[in-house]
Amino acid sequence: MNRFDYVRAGTVAEAVQAFGAGARFIAGGTNLIDLMKYEVEKPGRLIDITHLPLDRIEAHGDGLRIGALVTNAKVAYDDRVTERYPLLRNAILAGASAQLRNAASTGGNLLQRTRCYYFYDVATPCNKRAPGSGCPAIGGMNRIHAIFGTSDKCIATHPSDMCIALAALEATVQVNGPQGERSIPFSEFHRLPGESPETDTNLAPGEIVVSVDLPESRFPQHFTYLKLRDRLSYAFALVSVAAGLELDGDRIKTARLALGGVAHKPWRNREAEALLEGKPATRASFQDAADLIVAEAKPQSENGFKIDLARRAIVRGLEQAAAGTPQSLSDKRIQ
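Read in order, the letters of the sequence shown correspond to residues 1 to 335 in the UniProt record's numbering.
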């Protein structure tokens, strides 16, 4: 691990002012410290933001405002989240471990970096770590990699569970930086790799996440977070589905669907959501939506299985949501 300066910020303004080339904000550190140990990240300065007043969950309009320093565990077990946004709760509890959820922050969850084998191995090329060096995952070991939104520069996937639910809930990210405050719709917060895979988000230099705002309560009854992985616990998703439905009788009034484990960012297909609206909440409708989504998949040499896995997961997730029987948190096996 390289040597670095340490600064403790007392206010958001101090944190922004302390930022400069080679600096990183640190809160729970559950991802950044790992990256520093592997020498993937070599910050010259760490700005400790754990003393900022961003550790509360508060009412905000008809929704909730979750401070950037609220731990994942605190979000998951907050009564208001449990009652009004159970999709978010279930997604958080499907990820990591209890120890990590106690330390990991909301803002940090948004900013965690990919778990690509090559990204973590500094002895190999990686365009995300060293732009222009190449992407050995293309044609290499790519079983866990993306099937949507890839480029010839990067096929890595976004690792978060929480972010998949936030995408389906259409949250908004509040940030502060050298140019002041601004709001970023969640769909625009993360980036696809394109020509610059080293840039994961649309944050400007020096900007810090202040909060995540949830809109009016959606899908408190008809939802699920379905996570398919190699192990039943403590494993990243091969494919995950965050599904929320509003029903009018036996027909779908509103549908929101986000996928994890398949792209460089939480993956949504608004055409598929629109296709579901007004249709009966039946397996046939769900299969049509799933077929539309996977039609644009571009598999690599080892991850073609994800196409059928995603298709079946989408149908199963929508069936769970429609029936009001979300995936169990205690028994992770898919029935």
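Even glycine gets a Cβ: it sits at the ideal position worked out from N, Cα and C. Note that the coordinates shown come from a computational prediction; the quantities given were computed from them, not determined experimentally.
If you reduce the DSSP assignment to three classes, tell me which class P178 lands in. coil
Roughly how many angstroms separate the alpha carbons of S151 and P131, rounded to a whole number? 13 Å
Quick one: complete alpha helix (DSSP H) runs, 4+ long, within the region 266 to 330? 270 to 276, 283 to 294 and 305 to 323
Tell me whether P159 is buried or exposed, calling it buried when 16 or more other Cβ atoms sit within 10 Å of its Cβ. buried
Is D331 buried or exposed, if buried means 16 or more other CB atoms sit within 10 Å of its CB? exposed
The region 128 to 142 / the region 43 to 61 touching (three or more Cβ pairs under 8 Å): no
Give the C-beta separation of T157 and A104 to the nearest angstrom, bearing in mind that I take them to be a contact with Cβ-Cβ under 8 Å. In fact, because the Cβ distance is near 18 Å, the residues do not count as touching under 8 Å.
Buried/exposed call for K306, threshold 16 Cβ in 10 Å: buried
With a CB to CB cut of under 7 Å and the five nearest residues on each side skipped, what residues in its chain are close to E319? R283 and F286
Where L226 falls: helix, strand or coil (DSSP): strand
Suppose you measure from the CA of D308 to the CA of L257; what does that come to, to the nearest Å? 17 Å
Going by DSSP, what residues sit across from A146 in a beta bridge? Note: A146 sits in no beta bridge, so no partner.
Note down, in chain order, each residue of its chain lying with its Cβ closer than 6 Å to the Cβ of E302, except the 5 sequence neighbours on either side. N142 and R143
Just verifying my parser: in three-state terms, what is the DSSP assignment at P185? strand
Reference L111, options G278, Q17 and V175, closest by Cα: V175
Distance between beta carbons of A237 and residue 357, contact taken as under 8 Å: Residue 357 is absent from the structure shown; the chain starts at 1 and stops at 335.
State buried or exposed for Y6, treating a residue as buried only when at least 16 other CB atoms are found within 10 Å of its CB. exposed
Report the three-state DSSP secondary structure of A242 (helix, strand or coil). strand
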